[in-house]
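Student: Below is a structure I'd like to ask you about.
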Amino acid sequence: MAKILFYDIETAPNLAYVWGQYDQNVVKQYREWYLLCFSYKWEGQKTTKVVSLPDFPEVYSEDPENDIAVVGALWKLFDEADVVVGHNGDRFDMRKANARFAFHDLKPPTMPMQIDTLKVARKYFMFNSNKLGDLGQHLGLGNKEATGGFELWAGCMRGDEKSWRVMKKYAKQDVDLLEDVYKRLRPWMNNHPNRALLDNRPDSCPTCGHYDLVRRGNRSTKVAQYVQYRCNNCGAYCRERTRLNSVSPNLVP
Ligand SMILES: [Zn+2]
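When we follow my numbering, the leftmost residue of the sequence shown carries the number 788, and every step to the right adds one.
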């Protein structure tokens, strides 16, 4: 079966010197951003997990800003996954992760296919807001955990245990919400990685992998017609690969 990974990363901010408070140029960068934690869930598994800096006490006690173990754990997940799902994952999470992989001299993982639910939301719908929390709320799927703002990030960087607990709760909820939003938007995606292929189950729904398909007329292109099905599990449509022999025009518009 295809391994589908839902994930989200949280980073520490850059630290920099500035001369004032408003609309500033950075005078000198003091320390670069690093990974604080990431949350993930495999499709079909119940638990959402969070991997954070304090989970590696040997590294953390020596250098609380060293993300090598967290980055390594994320690399392993990417390497294992066939498909990764993230909100703004294409532009943000994956590239941020790649930056840390390269920094720690990790070679590229066997790159999974990517689904970016932010891109999906923008492409097929016109919601008022495409932020994950707003989508979740609007679609009645729940909301993001409250973070209390920047103080939470500051607390984690100070090593405050309560802040880490809240951060983990927040990160976990993000991935739970991500999965729900993905499932709601999924049947509209017409370029979803082919589950039937990845699962090696040729007659299952190419979007969700279930077998409960019902005939829904034909789908036509300019030159061919195909038998079309609708999936009773996810609601997506699919078609047979081979054309119906009955129609084969010699002329096309
Ligand atoms: Zn389906």
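Just so you know, even glycine gets a beta-carbon here, dropped at the ideal spot from N, CA and C.
Considering only residues of the same chain and omitting the five flanking positions on each side of T934, which have a CB-CB separation below 6 Å?
Tutor: The residue labelled residue 934 in the question sits at position 147 within the sequence shown. Around T934: Y957.
Student: Return the chain-ordered list of same chain residues with a C-beta closer than 8 Å to the C-beta of K970, the five sequence neighbours on each side being excluded.
Tutor: The residue labelled residue 970 in the question sits at position 183 within the sequence shown. C1021, listed in sequence order.
Student: When we look at the beta-carbon of F793 and count the other beta-carbons within 10 Å, is it buried (16 or more) or exposed?
Tutor: Counted from its first residue, the sequence shown places residue 793 at position 6. Buried, because 16 or more other Cβ atoms sit within 10 Å of the Cβ of F793.
Student: Check Y821 in the structure and name its three-state DSSP category.
Tutor: Taking the first residue of the sequence shown as 1, we reach residue 821 at position 34. If DSSP states are grouped into helix, strand and coil, Y821 belongs with coil.
Student: Excluding the five sequence neighbours on either side, which residues of its own chain have a C-beta within less than 6 Å of the C-beta of W767, listed in chain order?
Tutor: This structure does not reach residue 767, given that the chain is present from 788 up to 1040, and the question cannot be answered.
Student: I believe N875 touches L905 by the beta-carbon criterion, under 8 Å. Please report the beta-carbon distance rounded to the nearest angstrom.
Tutor: Here residue 875 corresponds to residue number 88 of the sequence shown, with the count starting at 1. Here residue 905 corresponds to residue number 118 of the sequence shown, with the count starting at 1. Indeed, because the Cβ distance is near 4 Å, the residues count as touching under 8 Å.
Student: From what residue to what residue does the beta strand (DSSP E) around V1001 run?
Tutor: Within the sequence shown, residue 1001 is the residue found at index 214, counting from 1. Looking at the DSSP string, the run of the beta strand (DSSP E) that includes V1001 is L1000 to S1007.
Student: Taking the alpha-carbon of R1028 as reference, which of C1018, W940 and Y1013 has the nearest alpha-carbon?
Tutor: Reading the sequence shown from its first residue, position 241 is the one you call residue 1028. Ranking C1018, W940 and Y1013 by Cα distance to R1028 puts Y1013 first.
Student: Compute the beta-carbon to beta-carbon distance between R1017 and C995, rounded to the nearest angstrom, for a pair I have assumed lies under 8 Å.
Tutor: As a first step, residue 1017 is located in the sequence shown; it is residue number 230 there, counting from the start. As a first step, residue 995 is located in the sequence shown; it is residue number 208 there, counting from the start. About 12 Å separates the two Cβ atoms, so there is no contact after all.
Student: So, using beta-carbon positions, are R878 and L822 closer together than 8 Å?
Tutor: Walking along the sequence shown from the start, residue 878 turns up at place 91. Walking along the sequence shown from the start, residue 822 turns up at place 35. Not in contact: R878 and L822 (Cβ atoms no closer than 8 Å).
Student: Is it the case that the Cβ atoms of S848 and V837 are separated by a distance below 8 Å?
Tutor: Reading the sequence shown from its first residue, position 61 is the one you call residue 848. Reading the sequence shown from its first residue, position 50 is the one you call residue 837. Not in contact: S848 and V837 (Cβ atoms no closer than 8 Å).
Student: For the candidate residues M900, G807 and N917, whose alpha-carbon lies nearest to that of M881?
Tutor: Within the sequence shown, numbered from 1, the residue matching residue 881 stands at position 94. Of the listed residues, the one whose Cα sits closest to M881 is M900.
Student: If you follow the alpha helix (DSSP H) that M954 is part of, which residue opens it and which one closes it?
Tutor: Your numbering for residue 954 matches position 167 in the sequence shown. From DSSP, the alpha helix (DSSP H) with M954 extends over E948 to L972.
Student: I need the straight-line Cα distance from T835 to L964, nearest angstrom please.
Tutor: Counting from one through the sequence shown, the residue named residue 835 turns up at place 48. Counting from one through the sequence shown, the residue named residue 964 turns up at place 177. Cα to Cα, T835 sits roughly 11 Å from L964.
Student: Excluding the five sequence neighbours on either side, which residues of its own chain have a C-beta within less than 7 Å of the C-beta of T819, listed in chain order?
Tutor: Within the sequence shown, residue 819 is the residue found at index 32, counting from 1. The displayed chain sequence assigns Glu, not Thr, to residue 819. Closer than 7 Å at Cβ, skipping near neighbours: N801.
Student: Using DSSP with H/G/I as helix, E/B as strand and the rest coil, what is W975?
Tutor: What you label residue 975 is simply residue 188 of the sequence shown in a count that begins at 1. Three-state DSSP puts W975 in a helix.
Student: Write down the C-beta distance between L922 and A908 rounded to the nearest angstrom, noting that I regard them as a contact closer than 8 Å.
Tutor: Within the sequence shown, numbered from 1, the residue matching residue 922 stands at position 135. Within the sequence shown, numbered from 1, the residue matching residue 908 stands at position 121. With a Cβ gap of about 6 Å, L922 and A908 count as contacting.
Student: Candidates K828, L1038, G859 and C824: which alpha carbon is nearest A1011's?
Tutor: Within the sequence shown, the letter at position 224 stands for residue 1011. With distances taken between Cα atoms, A1011 lies closest to L1038.
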